[in-house]
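Below is one structure, written out as structure tokens, with a few remarks after it.
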Amino acid sequence: MQNLQKPVARHEGLVVQEMPDEVLVYDLNTNKAHCLNKSAAAVWKNCDGSNSISDIAAILKNEFKTPVSDDFVWLAIDQLGKDELLEQKLTAPANGLTRREAMRRVALASLVALPVVASLTAPTAAQAASVCSNAGAACTCSTTNNGAFAITCPGSFTGCTGACACNNIQPGSNQGVCQQA
Amino acid sequence: MQFIVNQDLPFGFAFSSYGVSIEIRTNERELLTEIENLLPPASCILSREKPIDFLFAVIWDDERERISEFYRNSEQQPCDGDHSQSLHLIEIALRLTVAEFSPHLVFVHAGAVAFEDSAVIVPGRSRAGKTTLTAALVQNGAVYYSDEYAIFDEFGFLHPFPKPLSVREPWAFGKQIDQSVEKFGGRQGTKPIKAKAIVVTEFEKDARWQPERLSKGEGVLELLANTVSARTNPRLALKILPRAVENALILKGKRGDAEAVSKEIKKVLTKNAIFA
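Chains P and A are the protein sequences, given in the same order.
Letter 120 of the first sequence, counting from 1, is numbered 431 in the numbering used here, and no numbers are missing.
Letter 79 of the second sequence, counting from 1, is numbered 595 in the numbering used here, and no numbers are missing.
Structure follows, in structure tokens:
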């Protein structure tokens with residue numbers, strides 16, 4: 312019964328870019344970027360609300376010219392659901408297997424690459440450029456020596472690799488200025 | 517915060533860099549000359565009548581000892597340090613603004629060099645060892661494009677971001693010191709070229725260079741993780757980055773000595789050219 316569920320790919324709030332064997336997706340709501348490999352992309356593209364899990368397996372079998380099981384499709388659906396690339400998350404049938412065991416079983420039975428979605432959270436501009444967003448702000452330093460770690464840089468350490476360092480410390484005190492570490 | 521109006525800051529000029537136009541206004545004429553020396557590469561001065569994208573307001577304190585306030589549009593920026601620190605922050609803010617808001621180019625925080633029209637891109641955050649590896653590649657005969665930004669156009673071609681290499685010197689307690697590319701026996705590249713290798717790596721003591729090969733899509737993600745405008749303009753990033761990697765081998769792994777790895781990278785490029 313659960314293999315008759317009909318998943319629907321999400322499209323709203325997504326920027327999609329096709330590559331020869333992969334699909335890139337940027338989620339404008341979460342600022343997450345995903346790379347779907349060929350198998351995952353094929354499953355996602357066929358999640359149109361009219362294809363059941365078994366239908367999608369049959370479509371992929373036709374496309375890849377090799378048997379594709381419902382479990383294979385469920386692996387992709389599970390990942391796509393976790394990454395919020397479906398309108399609704401679906402629940403795979405309970406078979407007592409962990410995800411790792413299920414992947415191993417599917418991998419052994421498949422000649423096609425397992426569906427994989429690689430993801431990352433896109434950086435802010437300051438993070439990407441490794442700019443300490445609070446560089447230049449007053450801070451409390453861990454010692455009274457220049458180069459000490461800043462105990463408090465106002466706000467977050469966004470953009471800093473590790474901690475902000477302290478410099479320009481006022482003599483006899485531990486008050487300094489945040490700088491790029 | 518009351519927005520700074522023109523009559524409070526009588527001195528200024530406007531410039532354009534990589535498609536972003538910025539006006540700088542200040543209450544101290546001498547400061548303008550100092551700021552002019554901090555402009556990003558490829559900047560050209562604009563006539564005052566041109567529309568601008570950003571207004572930087574820089575206010576010198578009453579004692580004329582330090583910069584007391586600094587704004588980008590109406591957003592105040594931190595500048596509690598001394599005069600030279602504040603100038604450094606303004607320089608960083610100018611570069612970041614250009615990198616984030618360039619309308620047709622994508623800026624990836626990366627080192628970039630080229631061997632015979634084949635670019636090698638080394639993306640990564642600060643302290644990952646990008647500049648050290650970039651310098652080693654230059655010393656091995658590569659033409660230098662940048663140690664800060666790899667800039668890609670709509671066709672995926674790499675453009676230079678010409679600036680001195682900012683090397684961390686142990687004698688300066690790890691502080692960055694600018695050194696010209698000529699000091700490394702190299703020269704500045706100028707023409708747009710395509711990437712043939714993307715090397716995702718960071719230094720780890722005694723690490724052996726045994727990189728795994730990534731797919732083109734994974735390579736795009738690695739570049740996106742270091743793309744300044746990733747959140748501001750993801751559509752442009754996702755349009756351009758796949759074109760940037762289309763001819764490239766994508767390698768990822770920890771590295772030890774930069775000199776040894778740079779030789780390996782050069783070998784890989786040659787082999788890849790033969791079997792491409």
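C-beta atoms are modelled at their ideal positions from N, C-alpha and C, and glycine is treated no differently.
- Item | Limits of the unbroken beta strand (DSSP E) element including A/T542 | Where A/T542 is concerned, the enclosing beta strand (DSSP E) stretches over 536 to 542.
- Compare the Cα-Cα distances from A/K712 to each of A/E565, A/T743, A/E632 and report the closest residue. Ranked by how close their Cα comes to the Cα of A/K712, the residues A/E565, A/T743, A/E632 have A/E632 in first place.
- Answer with yes or no whether the minimum CB distance from P/Q328 to chain D is below 8 Å. Absent here is chain D; the protein component of the structure consists of chains P and A.
- Item | Endpoints, the beta strand (DSSP E) within which A/F668 is located | In the DSSP annotation of this structure, the continuous segment of the beta strand (DSSP E) that includes A/F668 starts and ends at 665 to 668.
- Counting contacts by CB-CB distance shorter than 8 Å, is P/E333 in contact with chain A? Interface residue, yes.
- Item | Close beta carbons around A/D577, own chain, < 7 Å, minus the five adjacent residues each side | The residues are S584.
- Message: Check this for me: beta carbons of A/S559 and A/S533, under 8 Å apart or not?
- Response: In contact: A/S559 and A/S533 (Cβ atoms closer than 8 Å).
- Task: Kindly say whether A/S682, judged by its beta-carbon, lies nearer than 8 Å to any beta-carbon of chain P.
- Result: Taking Cβ atoms only, chain P never reaches closer than 8 Å to A/S682, which makes this a no.
- Message: Need the endpoints of the alpha helix (DSSP H) that P/A437 sits in, please.
- Response: Counting along the chain, P/A437 sits inside the alpha helix (DSSP H) bounded by residues 436 to 439.
- Task: Note down, in chain order, each residue of its chain lying with its Cβ closer than 6 Å to the Cβ of A/V777, except the 5 sequence neighbours on either side.
- Result: W725, R771.
- Message: For P/L371, would you say it is in contact with chain A, using Cβ-to-Cβ distances shorter than 8 Å as the test?
- Response: Closer than 8 Å: no.
- Query: Near A/L739, which residues of its chain fall below 6 Å by C-beta distance, leaving aside the five closest residues on each side in sequence?
  - Reply: Cβ-Cβ distances below 6 Å link A/L739 to V624, P639, L757 in the same chain, with the five nearest sequence neighbours on each side left out; the list follows chain order.
- Query: Start and end of the beta strand (DSSP E) containing A/H625?
  - Reply: A/H625 -> beta strand (DSSP E) spans 622 to 631.
- Message: To be precise: take each residue of the segment 405 to 439 of chain P, compare its Cβ to all Cβ atoms of chain A, and keep it if any distance is under 9 Å. Which residues remain?
- Response: Listed in chain order, the positions of the segment 405 to 439 of chain P with a beta carbon within less than 9 Å of a beta carbon of chain A are A429, S430, L431, T432, A433, P434, T435, A436, A437, Q438, A439.
- Identify the contact partners of A/H620 in chain P, using a Cβ-Cβ distance below 9 Å as the criterion. At a beta-carbon threshold of 9 Å, none of the residues of chain P lie near A/H620; the nearest stands roughly 17 Å away.
- Message: As a quick exercise: from A/L674, A/K782, A/E775, A/S731, pick the residue whose alpha carbon is nearest that of P/M330.
- Response: Ranked by Cα distance from P/M330, the options A/L674, A/K782, A/E775, A/S731 are led by A/S731.
- Query: Do we get a CB-CB distance below 8 Å when we pair P/C346 with the residues of chain A?
  - Reply: Closer than 8 Å: yes.
- Message: Taking 8 Å as the limit between beta carbons, can you name the residues of its chain near A/A652, skipping five residues before and five after?
- Response: Excluding positions up to five away in sequence, the list reads A774, E775, V777, S778.
- Is there contact between the segment 696 to 703 of chain A and the segment 397 to 405 of chain P, where contact requires at least three CB pairs shorter than 8 Å? When C-beta atoms of the segment 696 to 703 of chain A are compared with those of the segment 397 to 405 of chain P, fewer than three pairs fall below 8 Å, so the two segments do not count as touching.
- Task: State the start and end residues of the unbroken beta strand (DSSP E) segment that holds P/K343.
- Result: For P/K343, the enclosing beta strand (DSSP E) stretches over residues 343 to 347.
- Task: Could you say which of P/V427, P/N362, P/N373 lies nearest to P/K393 if we only look at CA atoms?
- Result: Selection P/V427, P/N362, P/N373 evaluated against P/K393 yields P/V427 as nearest (Cα-Cα).
- Item | 6 Å CB neighbourhood of A/S634 in its chain, flanking five on each side removed | Closer than 6 Å at Cβ, skipping near neighbours: K712, L785.
- Task: Return yes when the Cβ of P/A436 is within less than 8 Å of the Cβ of A/S590, no when it is not.
- Result: No, Cβ-Cβ distance for A/S590 and P/A436 is not below 8 Å.
- Between the segment 588 to 600 of chain A and chain P, which residues of the former have a C-beta closer than 9 Å to a C-beta of the latter? Hits within the stretch, in order: Q593, P594, C595, D596, G597, D598.
- Message: To be precise: take each residue of the segment 721 to 743 of chain A, compare its Cβ to all Cβ atoms of chain P, and keep it if any distance is under 8 Å. Which residues remain?
- Response: Sequence-ordered contacts of the segment 721 to 743 of chain A with chain P read S731, K732, G733, E734, V736, L737, L740, A741, N742, T743 [C-beta pairs closer than 8 Å].
- Below 8 Å between beta carbons: does that hold for P/A351 and P/L371? Cβ distance not < 8 Å, so P/A351 and P/L371 don't count as in contact.
- Message: I'd like to confirm the pairing. Which residues does DSSP put opposite A/W576 in its beta bridges?
- Response: In the DSSP output, where bridge partners are listed per residue, A/W576 has A/I583.
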